[in-house]
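Asks: Questions regarding the structure given below will be posed in turn.
Residue numbers (full-length UniProt numbering): 1 to 246.
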C-alpha cells in the first residue's frame, strides 16, 4: 500500500483529472543514433472541467485550462532499440552519462548484447530496453505518492516490445538554495526513490540499477495498486471539497 507524506486535503486539484500526454519526434531520415535511441517525453497536465467551481468565479485562464490544460510535471523515458546495426552502449553514451551508466550495467561491451547477468535476471531477455530516466512533479503535487503512479502508467504504454525497463534511482534536483548536499542526504534520497520504484515492480539488479520485467505478473499487480491509490486520493479530495462547500 502506498503511503503519503501529505493529506489529500492539500492536493491542488482532483488527481483523477490529470492527463498524460506522450510526445516523440524524429527526423524523416534518421542520422547518428536516431534509429536506435528514442526519446519519449510525457507531459503531466491538469485540466479544468466545466463542472468545476472556482472561488470567485471562472476566468479566461479557466477556459485555457479546459482546452489545453497546464503542465504540473513530466517524465522522460528512452527506448534503446535492438537490431538496428548500431552499438546500443555507444548510442546511450552519446546522449548522457546517466544512460551510459545503465548501458554499461546491462550490456556486454564485447558483443553489444545483453550481459549474462542480465539474461539470468530477466525472464525473456530478447527485445528493446526502456529506460525510466526522470520523473518530475511541481512541488505542490509532491508528497502524495503520485510519481510511481505516473511512472507505472507510462511504462504500461511504452514497454511493448521491451524485454525490460531500467532505472537508476538518484537525486534529480537539489533542495532550494543549495549548491551541494551532504553525501548522506543524497544516499537517503536515493534509497527513498529506489523504494518508490520497487513499489511498481522494479527489482534491484545492481547496487545502483533496477530492472522491471514486463513478463512477470508483479508489475501488472502493482499497476492495479497504483490505480487504486490514485482513486483513493481522488475520493478523499472530493470528500474534502464537499465538506468545505457545506
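Backbone N, C-alpha and C fix where the C-beta goes; we use that ideal spot for every residue, glycine too.
Computed from a predicted model, the values in this text were never measured in an experiment.
Let me know if residue 199 comes out buried or exposed under the rule of 16 or more other beta-carbons within 10 Å of its beta-carbon.
Replies: Translated into positions along the chain shown, residue 199 becomes position 199. Burial call: buried.
Asks: What separation, rounded to the nearest whole angstrom, lies between the Cα atoms of residue 88 and residue 164?
Replies: Sequence index remark: in the chain shown, residue 88 carries index 88 (1-based). Sequence index remark: in the chain shown, residue 164 carries index 164 (1-based). Cα to Cα, residue 88 sits roughly 15 Å from residue 164.
Asks: Run through the region 178 to 240 for me and flag every whole alpha helix (DSSP H) of 4 or more residues, listed as ranges in chain order.
Replies: 183 to 198, all fully within the region 178 to 240.
Asks: I'd like the list of long-range same chain contacts for residue 189, defined as Cβ closer than 7 Å, with 5 residues on each side in sequence excluded.
Replies: Translated into the one-based positions of the chain shown, residue 189 becomes position 189. Excluding residues within five positions, the ones whose Cβ falls inside 7 Å are 171.
Asks: Name the one or two DSSP bridge partners that residue 135 has.
Replies: If you number the chain shown from 1, residue 135 lands on position 135. Its beta-bridge partners are 75.
Asks: Where do the N-terminal and C-terminal ends of the alpha helix (DSSP H) with residue 109 fall, by residue?
Replies: For the purposes of this step, residue 109 is taken as the residue at position 109 of the chain shown. Note, residue 109: premise wrong, no alpha helix (DSSP H); not H, not E.
Asks: If the criterion is Cβ atoms closer than 8 Å, does the pair residue 226 and residue 167 meet it?
Replies: In the chain shown, counting from the first residue as 1, residue 226 sits at position 226. In the chain shown, counting from the first residue as 1, residue 167 sits at position 167. No, the pair does not count as a contact, with Cβ atoms beyond the cut-off.
Asks: Any idea which residues DSSP pairs residue 42 with across the strands?
Replies: In the chain shown, counting from the first residue as 1, residue 42 sits at position 42. Per DSSP, 22, 75.
Asks: For residue 265, which beta-bridge partners are listed by DSSP?
Replies: Nothing can be reported for residue 265: it is not among the residues displayed for the chain, which extend from 1 to 246.
Asks: Our contact map puts residue 37 next to residue 91 with C-beta atoms below 8 Å; I'd like the distance itself, whole angstroms only.
Replies: Counting from 1 along the chain shown, the entry for residue 37 is found at position 37. Counting from 1 along the chain shown, the entry for residue 91 is found at position 91. Yes, residue 37 and residue 91 are in contact; Cβ-Cβ is about 4 Å, under 8 Å.
Asks: Confirm, please, whether the CB-CB distance from residue 169 to residue 193 is below 8 Å.
Replies: For the purposes of this step, residue 193 is identified with residue 193 of the chain shown, where counting begins at 1. For the purposes of this step, residue 169 is identified with residue 169 of the chain shown, where counting begins at 1. Yes. Within cutoff.
Asks: If we ignore side chains and look at the alpha-carbon of each, how far apart do residue 12 and residue 155 end up?
Replies: One-based indexing of the chain shown puts residue 12 at position 12. One-based indexing of the chain shown puts residue 155 at position 155. Roughly 25 Å separates the two Cα atoms.
Asks: Residue 96 bridges to which residues according to DSSP?
Replies: Position 96 of the chain shown, counted from the first residue, corresponds to residue 96. Paired residues: none, contrary to the question.
Asks: Any idea what DSSP makes of residue 167, helix, strand or coil?
Replies: The sequence position of residue 167 within the chain shown is 167, counting from 1. Residue 167 falls in the strand class under three-state DSSP.
Asks: Are at least three pairs of beta-carbons, each pair with one atom in the region 223 to 239 and one in the region 122 to 135, less than 8 Å apart?
Replies: Cβ pair count under 8 Å is below three, so no.
Asks: How would you call residue 79, buried or exposed, if buried means at least 16 neighbouring beta carbons within 10 angstroms?
Replies: For this step, residue 79 is matched to residue 79 along the chain shown. With 16 or more Cβ atoms within 10 Å of its Cβ, residue 79 is classed as buried.
Asks: Give the C-beta separation of residue 162 and residue 201 to the nearest angstrom, bearing in mind that I take them to be a contact with Cβ-Cβ under 8 Å.
Replies: Taking the first residue of the chain shown as 1, we reach residue 162 at position 162. Taking the first residue of the chain shown as 1, we reach residue 201 at position 201. Going by Cβ atoms, the distance from residue 162 to residue 201 rounds to 13 Å, so no, they are not a contact pair.
Asks: Alpha carbon to alpha carbon, how far is residue 159 from residue 212? Give it in angstroms, no decimals.
Replies: Position 212 of the chain shown, counted from the first residue, corresponds to residue 212. Position 159 of the chain shown, counted from the first residue, corresponds to residue 159. Straight-line Cα distance between these residues: approximately 10 Å.
Asks: Roughly how many angstroms separate the alpha carbons of residue 34 and residue 25, rounded to a whole number?
Replies: As a working note, residue 34 is residue 34 in the chain shown. As a working note, residue 25 is residue 25 in the chain shown. So the alpha carbons of these two residues sit roughly 10 Å apart.
Asks: Could you tell me which of 141, 205, 19 sits nearest to residue 47, measuring between CA atoms?
Replies: Residue numbering aside, residue 47 sits at position 47 when the chain shown is read from its first letter. Considering only alpha carbons, the answer is 19.
Asks: What residues are listed by DSSP as bridge partners for residue 162?
Replies: Start at 1 with the first residue of the chain shown, and residue 162 comes out as number 162. Beta-bridge pairing links residue 162 to 128.
Asks: Are the beta-carbon atoms belonging to residue 196 and residue 125 less than 8 Å from one another?
Replies: Numbered from 1 along the chain shown, position 196 holds the residue referred to as residue 196. Numbered from 1 along the chain shown, position 125 holds the residue referred to as residue 125. Not in contact: residue 196 and residue 125 (Cβ atoms no closer than 8 Å).
Asks: Starting from the C-beta of residue 186, find all residues in its chain whose C-beta is less than 6 Å away, skip the five residues before and the five after it, and write them out in chain order.
Replies: Here residue 186 refers to the residue found at position 186 when the chain shown is read from its first residue. Counting only Cβ-Cβ distances below 6 Å, and skipping sequence neighbours, we find 171.
Asks: Pick from 105, 98, 122, 84: whose alpha carbon is nearest that of residue 31?
Replies: For this step, residue 31 is matched to residue 31 along the chain shown. Residue 31 has its Cα closest to that of 84, out of 105, 98, 122, 84.
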